[in-house]
Amino acid sequence: MAQFLQQMVNGLSIGSVYALMAVGYSLVYSIMNFSNFAHGGVIMFGAYFGFFAMTLLKLPFVASFALAFVGTSVLAVVIERVAYKPLRERSAPFLYFIISAMGASIFLENIIIATIGPTFRTYPDVFGRSSISLGSVSIGRLDLIMFVISAVCLTGLVLFIDKTKMGRAIQASAYNMKAAALMGVNTDRVVMIVFALGGLLAGIAGVFFGMKYTVYPQIGNITTKSFVAAVFGGLGSLPGAVLGSVLLGIIETLVAGYLSSQFRDLIAFVILIGVLVFRPTGIMGKTTEDKA
Amino acid sequence: MDAYIEGILMLSGINLIAVLGLSLLTGFAGLFSFGHAGFMAIGAYSAAICTKLLGLPFFAGIAAAAAVAAGVSWLIGRATLKLKGDYFCIATLGFGEAIRLILDNFQGLGGARGWPGIPPHTTLLNILILDVIGVVLLANLVRSRHGRNMIAVREEELAAKVAGIDTFRYKMLALVISAAYAGVAGALLGHYMTFIQPKMFSMVKSTELTIIVIFGGLGSISGSVLGAVVLTFLPELLRAVDKWRLVVYGLAVIGIMIGRPRGLMGGFELTPKSIRAHFARRREERAIKAGQAAEDEAFSGGEDGKGGL
Chain B
2 MAQFLQQMVN GLSIGSVYAL MAVGYSLVYS IMNFSNFAHG GVIMFGAYFG
52 FFAMTLLKLP FVASFALAFV GTSVLAVVIE RVAYKPLRER SAPFLYFIIS
102 AMGASIFLEN IIIATIGPTF RTYPDVFGRS SISLGSVSIG RLDLIMFVIS
152 AVCLTGLVLF IDKTKMGRAI QASAYNMKAA ALMGVNTDRV VMIVFALGGL
202 LAGIAGVFFG MKYTVYPQIG NITTKSFVAA VFGGLGSLPG AVLGSVLLGI
252 IETLVAGYLS SQFRDLIAFV ILIGVLVFRP TGIMGKTTED KA
Chain G
4 MDAYIEGILM LSGINLIAVL GLSLLTGFAG LFSFGHAGFM AIGAYSAAIC
54 TKLLGLPFFA GIAAAAAVAA GVSWLIGRAT LKLKGDYFCI ATLGFGEAIR
104 LILDNFQGLG GARGWPGIPP HTTLLNILIL DVIGVVLLAN LVRSRHGRNM
154 IAVREEELAA KVAGIDTFRY KMLALVISAA YAGVAGALLG HYMTFIQPKM
204 FSMVKSTELT IIVIFGGLGS ISGSVLGAVV LTFLPELLRA VDKWRLVVYG
254 LAVIGIMIGR PRGLMGGFEL TPKSIRAHFA RRREERAIKA GQAAEDEAFS
304 GGEDGKGGL
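Chains as they are written, first to last, in our numbering: chain B, 2 to 293; chain G, 4 to 312.
Set out below in structure tokens:
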């Protein structure tokens, strides 16, 4: 029982970081209606921004963290302006967006390999290896911080979308972009804000992944899991993305703990196929055509 | 022939088969796959099982590779092709990674260390034969009613449906055929290298195949042929700047989508007939221009000098 609880705690912490990625991805999906496969590249840049801020610039953790998510916000908006906006303006087919996203993702990954190199780097140890024990369960400090910050960010995002005018504009655009534009919503700005928000969450996720594991150019591939999590929860639905991510994180740690750690990465795909065959709308989605 | 040049020619011939399949899927049916290297892996391992473990002849291995890859793609298609395009993309992304992970952990076939000792059956001749068969089959397919139906699905799925085209069936057909092509390419690659390793079929391989299709031009078979040959030779010539290759590819892909989404040869086929037609059109245009100049002189200051639309 103690081991099971421990696994749950670990799963919750990794799942909350998946949620940060999946929400950013779902947010863009709900507005633009295509899968932004460049999201992984943005996460990878977040990990590098944070790493170099701490090692080269010798900034304290909080400043590095802020630098990373501001940097990825800007990066995500730049990618949108360069790679998607021209397509958006001439309402190009869905396929072109995906190809452009793939181009951006290849570019981001390989510019790092070409300039910084493919080596693995480890973050300096900020939080130490000590853990906090609660009864029979112990929580690593990094895991706890990851969970708390992710939860705070996701709550903040929900409040932003529910309570602010811009948030309502995002909801309206997700429902129907053209109608929103006719009602006076500046949809171009909505798209920009959505990419900035997605980039911000991606930067945070990137730093956490870099700290938990290592930093390397292919770290963005971890977003495959957030895509799966988003489908699991219901593509385009934000609560669905969070739920799917947390469940995926827990299932993965349970599989790694009780079966074999080699199956950990495979289980995501098994879940994906299961969801697609039996319930393609995911947990929270209504229909496959529905949006957030 | 120089062994080095022959080697590159063989690789571009092998790539071409995989690219042809992907060209059908992306260029003609409008579906985007992130996992075609996975089908190549399935083909490579199935063919190697046939020839190395079961001692079957090479062509049986190739047939098995095509059949197994097609079968697996049918299963994926069943689950995803009735849904929106994104689901298919994500499923192929997951599939490509999953195949690699499964092979990595399957010690019976060498696991992550790879599987050496595959008989070197692949020759330039059998690659060329399969290339020609592949091109002829595909060219006939896309010009048939089925090919036109696929193009209709790509252009406007809803309208195609309304016109009575079974869109699911045609997407599935494109997927299964393209997976079979990828399987054959994998079989050839395995028997050329005589060593296969799951790492050879990573997502980078899948994206490279897609890049070739996009460079060549969506919806052009001759573009794919050109793309496969040029983009296999180019990195060999530019070894010194190899690490910048994918950086440039990434930017170029975005540039193509923004500026010339149909790619190098999009929608245009290089056949003897089209070349003749092109020159005939040029002659005609010149004749019209000459005629117009004469007319302009006759009615100077008259009508707008622009030729008819």
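Where is the CB? At the ideal position from N, CA and C, for every residue including glycine.
Item                                                                                                                                                                        : Value
Going along the chain, which residues of the region 182–197 of chain G sit with their C-beta nearer than 7 Å to a C-beta in chain B?                                        : none
Check whether the Cβ of I105 of chain G lies closer than 9 Å to any Cβ atom in chain B.                                                                                     : yes
Is DSSP giving P60 of chain G helix, strand or coil here?                                                                                                                   : coil
Listing by chain order, which chain B residues have their CB less than 9 Å from the CB of G33 of chain G?                                                                   : P94, F95 and L96
State yes or no: is the C-beta of I150 of chain B within less than 9 Å of the C-beta of L239 of chain B?                                                                    : no
Look at A44 of chain G and P275 of chain G and say whether their C-beta atoms are less than 9 Å apart.                                                                      : no
Going by other Cβ atoms of all chains shown within 10 Å of its Cβ, with 16 needed for buried, is D307 of chain G buried or exposed?                                         : The predicted model places D307 of chain G with a pLDDT of 43, which falls under 50 and marks its position as unreliable; any figure quoted below should be read in that light. D307 of chain G should be labelled exposed.
Within 9 Å of any Cβ in chain B, is that where the Cβ of T83 of chain G sits?                                                                                               : yes
Starting from G47 of chain B, trace the alpha helix (DSSP H) in both directions and tell me its first and last residue.                                                     : H40 to T56
Keeping to the same chain, check which residues put their C-beta closer than 6 Å to that of V78 of chain B; ignore five residues upstream and five downstream.              : M193, F196 and A197
Relative to the C-alpha of R265 of chain G, which candidate in G:K246, G:L104 and G:L221 has its C-alpha closest?                                                           : G:L221
Buried or exposed: F50 of chain B, going by 16 or more other Cβ atoms within 10 Å of its Cβ?                                                                                : buried
Could you tell me which chain G residues have their CB closer than 9 Å to the CB of V243 of chain B, listed as they occur along the chain?                                  : Going along chain G, no residue has its Cβ under 9 Å from V243 of chain B, so there is no contact; the nearest lies around 18 Å.
Once DSSP output is grouped into helix, strand and coil, what is the label at V18 of chain B?                                                                               : helix
Run through the region 160–226 of chain B for me and flag every whole alpha helix (DSSP H) of 4 or more residues, listed as ranges in chain order.                          : 166–176, 178–183 and 188–213
Of the choices G:K87, G:F61 and G:L178, whose alpha-carbon is the least far from that of T126 of chain G?                                                                   : G:F61
Only counting the same chain, and skipping five residues up and downstream in sequence, which positions put a Cβ closer than 7 Å to that of V208 of chain B?                : G47, A48, G51, F66 and A69
Quick one: which chain G residues come within Cβ less than 8 Å of F35 of chain B?                                                                                           : D89
With 16 other CB atoms within 10 Å as the buried threshold, where does V63 of chain B fall?                                                                                 : exposed
Please report how far the alpha carbon of L13 of chain B lies from the alpha carbon of A155 of chain G, in whole angstroms.                                                 : 46 Å
Which residues in the same chain have their Cβ closer than 6 Å to the Cβ of C53 of chain G, if we skip the five residues on either side of it in sequence?                  : L59, A63, G64 and A67
Note down, in chain order, each residue of its chain lying with its Cβ closer than 7 Å to the Cβ of I180 of chain G, except the 5 sequence neighbours on either side.       : G24 and L27
Please state if the CB of I272 of chain B and the CB of M9 of chain B are separated by a distance shorter than 9 Å.                                                         : no
According to DSSP, what are the bridge partners of P119 of chain G?                                                                                                         : G:F198
At the level of alpha carbons, what is the spacing between Y184 of chain G and G137 of chain G?                                                                             : 8 Å
Can you check whether the C-beta of N152 of chain G is within less than 9 Å of a C-beta belonging to chain B?                                                               : no
Where do the N-terminal and C-terminal ends of the beta strand (DSSP E) with I140 of chain B fall, by residue?                                                              : V138 to G141
What are the start and end residues of each continuous beta strand (DSSP E) run of 3 or more residues lying completely inside the region 92–163 of chain G, in chain order? : none
How big is the Cα-Cα spacing for Y26 of chain B and H40 of chain B?                                                                                                         : 7 Å
Below 7 Å on C-beta distance, what does V250 of chain G contact in chain B?                                                                                                 : F108, N111, I112 and A115
I'd like to know whether the C-beta of R285 of chain G is nearer than 9 Å to at least one C-beta of chain B.                                                                : no
Helix or strand or just coil, what does DSSP make of R280 of chain B?                                                                                                       : coil
For S15 of chain G, which of helix, strand or coil comes out of DSSP?                                                                                                       : helix
Give the secondary structure of R91 of chain B by DSSP, where H, G and I count as helix, E and B as strand, and everything else as coil.                                    : coil
List the whole-angstrom C-beta distance separating V3 of chain G from I79 of chain G, where the pair is believed to meet the contact cut-off of C-beta under 8 Å.           : Nothing can be reported for residue 3 of chain G: it is not among the residues displayed for chain G, which extend from 4 to 312.
Count the other CB atoms within 10 Å of the CB of T120 of chain B; is the residue buried (16 or more) or exposed (fewer)?                                                   : exposed
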